[in-house]
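Under my numbering, residues 7 to 517 are what the sequence shown spells out, in order. Below: one structure, written as structure tokens.
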Amino acid sequence: MRISPSVAVSDINGDGFPDIYFTNSKPGVPNQLLLNSGKGYFKDISKKSNIGFINTEKVVSSKANFIDFDNDGDQDLFLLTNYIPKLFINNGDMTFTDVTSQSGIKSYMFSFASNFLDFNRDGYIDIVYAAYFKPFDVLNPNTFYFTPNSVMEADNGGPIVLLKNKGNNTFEEVDLGLKSSGFVQAIAVYDFQGDGFPDLWMATDYNTNKLFLNQNGTQFIDKSELLARSRSRTGMSATIATLDQKTNVPTVFVSHTFQSKVTVSGNEAWQIKGQGSDLKVENTSNLMGIHNCQWSWAAVFADLDNDTDEDLIISNGFMTGKTDKSYWFQFTQMVGASRKYQSDSRNWPALQDYSWSGKQQNCLFLNEGNQFRNVANETDFKQDDSDGRGLAAIDYLNSGNISLVEVNYNQPLKFYKNVPLAKNDWIGFQLTGTSSNRNAIGSFVKVYFDQRTLVKYLAYNNGFMSQSDSRIHFGLGKGNKIKKIEVKWPSGKVQLISDYTLNQYNRVTER
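Below is the structure:
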């Protein structure tokens with residue numbers, strides 16, 4: 007088994023059209039950077055860019071993340087690997103330079119999970135990433151004891167690293183209380199407390215999720231006990247949206263595995279209620295109708311039909327073997343084994359030609375107000391039985407119609423063009439911070455109607471092995487009159503947007 011492929015959407019040349027970067031974990035096989043022409047097609051510039059030929063025989067790519075670390079106006083690359091993460095600075099001419107050796111990034115770990123935040127609101131983007139396994143030197147491996155020591159309560163997973171941006175293209179590791187021994191698959195960022203400081207939610211495999219609340223940029227406190235009632239132990243992706251347009255409480259969607267007669271739970275949708283540190287959480291996935299999507303991976307919230315409601319798209323399927331024989335029986339044999347036995351990778355049954363929840367259809371849950379309905383069979387998803395992994399939203403034509411790009415395990419990628427059945431209005435925003443970080447990560451944008459409010463929080467890497475189009479997009483439906491539009495920047499400034507145009511992306515600079 008190899009690392010999953012990833013997909014990252016980012017405008018790397020600043021022309022207003024989002025480009026796409028794909029990673030591949032096959033030794034010696036290049037990653038791909040595709041430049042958006044703005045005319046409906048992409049050009050491969052991998053070789054020119056210097057971020058194509060990265061994978062060696064031992065060190066291979068994992069998750070790709072683009073962000074403006076140095077606040078110079080272009081998007082740099084932070085790349086997870088099975089060893090030390092790599093940092094590439096964007097030179098402004100569609101080429102990148104590897105600056106890892108002088109960046110201060112030094113902890114090697116096998117990682118899928120990362121995100122960006124300005125944890126202390128100093129105007130510079132910081133990095134958080136987590137190891138799946140306990141760190142071991144892949145160049146000189148000397149242990150077999152790295153697999154989970156429990157299917158339900160594993161405590162031998164990898165650590166979390168918080169990298170503080172020093173403002174000079176270098177980072178330093180800081181210990182602010184982010185402790186975990188779980189197998190973290192994804193990290194989501196959101197201001198749950200409403201105090202301007204970003205908090206962290208971690209989707210964890212073989213244990214319950216983790217929730218860390220930011221204490222004014224000086225410390226994180228672990229509030230994971232709020233999630234102790236969860237029965238799911240297979241957290242894959244974590245993504246967040248404000249679904250209730252009247253209360254505006256955020257919902258954290260965590261994708262999980264659902265297998266009849268084997269697993270006891272499935273996907274979770276946690277509503278976060280309360281103020282400050284007095285938070286309460288409630289799993290509403292059954293009520294919403296999004297509980298079962300079989301073996302779920304990356305999840306994306308996007309208003310696909312521009313009707314004001316956020317829809318939910320999930321990539322699906324784990325491993326398709328050469329036969330239809332199921333690996334589930336072999337897996338369940340590990341449940342009753344001792345922790346030491348399970349932690350030894352040599353004891354896990356070989357996958358061989360078995361399939362493990364392979365050939366599963368993706369889910370496309372259309373938001374119908376109080377509930378979701380899976381309409382995958384009404385789209386080209388009905389023909390998709392790939393083993394999905396990363397999934398990103400992209401408006402590649404700047405038309406307001408959100409399309410999807412998916413990377414699959416051991417199978418070709420898929421690009422799903424959104425062809426709406428009805429034409430609704432929409433509005434988009436490209437934010438630029440001045441006092442805040444230039445990417446404006448951590449901003450809230452609110453669109454007010456008479457009786458309800460649409461809310462978006464700008465976070466770049468919520469999800470699994472994916473980075474979606476970073477621009478803020480709202481579907482407006484038909485005939486809905488906007489009362490006002492407001493941006494709350496990470497700096498704390500609140501700015502009313504009065505000069506805007508519907509059905510296009512509007513550039514907004516902090517003032």
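Built from N, CA and C at the ideal position, the CB exists for glycine as well. Here the structure is a predicted model, which means the values were calculated and not measured.
Restricting to Cα atoms, I'd like to know which of the options is closest to residue i.
i, options, result
"arginine 477", "Gly282, Asn486, Val451 and Ser363", "Val451"
"glycine 163", "Val157, Phe378 and Phe152", "Phe152"
"asparagine 424", "Val66, Ala308, Gly202 and Asn30", "Ala308"
"glutamine 417", "Ser405, Ser392, Lys429 and Asp475", "Ser392"
"lysine 112", "Lys53, Ala119, Ser321 and Tyr135", "Tyr135"
"alanine 194", "Gln225, Ala304, Asn126 and Met158", "Ala304"
"threonine 210", "Arg513, Glu516 and Gly469", "Gly469"
"asparagine 292", "Asp311, Gly272, Val461 and Gly282", "Gly272"
"aspartate 161", "Phe150, Asp197, Val341 and Asn213", "Asn213"
"glutamate 492", "Val514, Gln221, Tyr422 and Ala192", "Val514"
Starting from residue i and walking both ways along the beta strand (DSSP E), at which residues does that stretch end?
i, result
"methionine 208", "205-211"
"phenylalanine 189", "189-196"
"lysine 279", "274-281"
"serine 55", "Run containing serine 55: none in the beta strand (DSSP E); it sits in the alpha helix (DSSP H), 52-55."
"proline 496", "Note, proline 496: premise wrong, no beta strand (DSSP E); not H, not E."
"serine 68", "67-73"
"glutamine 377", "Taken as a continuous stretch (DSSP letters only), glutamine 377 belongs to no beta strand (DSSP E), as it is neither H nor E."
"leucine 464", "That residue, leucine 464, is in no beta strand (DSSP E); it is neither H nor E in DSSP."
"histidine 479", "478-483"
Starting from the C-beta of residue i, find all residues in its chain whose C-beta is less than 8 Å away, skip the five residues before and the five after it, and write them out in chain order.
i, result
"asparagine 443", "Asp74, Asn77, Asp124, Gly129, Tyr130, Ile131 and Pro496"
"glutamate 178", "Gly110, Leu169, Lys170 and Lys172"
"asparagine 322", "Cys299, Gln300, Trp301, Ser302, Trp303, Gln366, Gln367, Asn368, Cys369 and Gly394"
Could you spell out where the alpha helix (DSSP H) holding residue i opens and where it closes?
i, result
"lysine 388", "Looking at the DSSP string, lysine 388 is not in any alpha helix (DSSP H), and its letter there is neither H nor E."
"leucine 293", "291-294"
"phenylalanine 337", "334-338"
"serine 349", "345-349"
"serine 31", "Counting along the chain, serine 31 falls outside any alpha helix (DSSP H), and DSSP gives it neither H nor E."
Express the C-alpha separation of residue j and residue i in angstroms, rounding to a whole number.
i, j, result
"threonine 253", "threonine 459", "9 Å"
"glycine 98", "aspartate 80", "7 Å"
"asparagine 61", "methionine 242", "24 Å"
"valine 287", "threonine 257", "9 Å"
"arginine 352", "valine 260", "30 Å"
"isoleucine 133", "lysine 170", "7 Å"
"glycine 375", "arginine 345", "45 Å"
"threonine 338", "glycine 223", "43 Å"
"asparagine 42", "aspartate 359", "39 Å"
"tryptophan 362", "methionine 100", "40 Å"
"glycine 541", "isoleucine 320", "Given that the chain is displayed from residue 7 to residue 517, the structure contains no residue 541 and the question cannot be resolved."
"phenylalanine 122", "tyrosine 466", "7 Å"
"phenylalanine 455", "leucine 249", "15 Å"
"alanine 137", "alanine 119", "7 Å"
"asparagine 215", "arginine 239", "8 Å"
"tryptophan 207", "serine 504", "34 Å"
"glutamine 251", "leucine 85", "36 Å"
"aspartate 431", "methionine 158", "46 Å"
"isoleucine 95", "glycine 434", "27 Å"
"glycine 483", "proline 426", "12 Å"
"aspartate 313", "glycine 481", "5 Å"
For residue i, is the classification buried or exposed, using 16 other Cβ atoms within 10 angstroms of its Cβ as the cut-off for buried?
i, result
"serine 441", "exposed"
"threonine 87", "buried"
"glutamine 199", "buried"
"valine 180", "exposed"
"methionine 115", "buried"
"proline 154", "buried"
"aspartate 25", "buried"
"proline 33", "exposed"
"glycine 173", "exposed"
"valine 453", "buried"
"serine 405", "exposed"
"leucine 464", "buried"
Less than 6 Å between C-beta atoms, sequence neighbours within five positions excluded: which residues of the same chain meet that for residue i?
i, result
"threonine 106", "Lys92 and Leu93"
"asparagine 289", "Glu274 and Trp276"
"alanine 428", "none"
"tyrosine 47", "none"
With a threshold of 7 Å on Cβ separation, who are the neighbours of residue i within its own chain once the five nearest residues in sequence on each side are excluded?
i, result
"phenylalanine 28", "Pro11, Val13, Asn37, Gln38, Val413 and Leu419"
"leucine 310", "Asp317, Ile408 and Asn424"
"leucine 232", "Leu217, Leu285 and Val287"
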